[in-house]
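Worksheet for the structure shown next.
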Amino acid sequence: MSQDIYIDASAHVSDGAKIGQGTKVWINSQIRENVSIGENCIISKDVYIDAGVSIGNGCKIQNSVSVYQGVTIGNDVFVGPNVSFTNDKVPRAFNSDWQITETIVENGASLGANATIVCGIKIGEYAMVAAGSVVTKDVPPYTLVVGNPARIIAKIDKAGNKVS
């Protein structure tokens with residue numbers, strides 16, 4: 001497999017972004033300044049990655065995801081289509097005291113399609129967020145959460161299988 005970086009002609013990647021070997025950036029994606037993306041990642045169609053975001057190695061960021069300032073994504077993380085991250089606890093168009101609130105997604109986590117990740121939380125290693133869930137508090141490692149608000153329904157292994 002080639003270790004070349006691929007950037008689609010329709011994508012816009014800031015000169016200040018760092019992209020690892022083997023990473024592919026697809027149609028209409030935008031990667032802002034001071035972004036760091038690891039090796040062998042897939043940045044799918046219509047993805048927006050805001051300034052200063054860090055994404056580890058081996059991640060898959062699916063179609064139409066916006067990853068805003070303050071989000072840090074570890075290695076081997078799956079972010080499903082249309083996942084929404086927030087970065088402001090009190091969003092207002094006119095807030096002069098605006099502060100970014102950090103969110104951390106640890107290694108191996110999986111975020112299902114259309115999940116909403118409210119800022120200021122940590123999603124633990126190999127945790128799984130079910131499609132459509134609204135995550136409002138920390139998700140412990142090796143757990144499956146579902147619903148609105150998301151709640152733990154099972155302990156899981158690295159592969160996402162339920163364990164006793």
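Mapping to my numbering: the sequence shown position 34 is 34, numbers consecutive.
For every residue, glycine included, the Cβ atom is placed at its ideal position computed from N, Cα and C.
Distance from V139 to I153 at the Cβ level is roughly 12 Å; contact not present, criterion being Cβ atoms closer than 8 Å.
In this structure, A127 sits near E106, with a CB-CB distance shorter than 9 Å. The Cβ atoms of P149 and V135 lie closer than 9 Å to each other.
C-alpha of G74 to C-alpha of S96: approximately 31 Å in a straight line. Counted as a single uninterrupted DSSP element, the stretch harbouring T101 is not any beta strand (DSSP E), since DSSP gives it neither H nor E. Within the stretch 37-65, complete alpha helix (DSSP H) segments of at least 4 residues are not found at all. Taking 9 Å as the cut-off, the Cβ atoms of Q62 and P81 count as close. Excluding its 5 nearest sequence neighbours in each direction, S44 has C-beta neighbours in its own chain below 7 Å: W26, I61, Q62, N63, listed in chain order.
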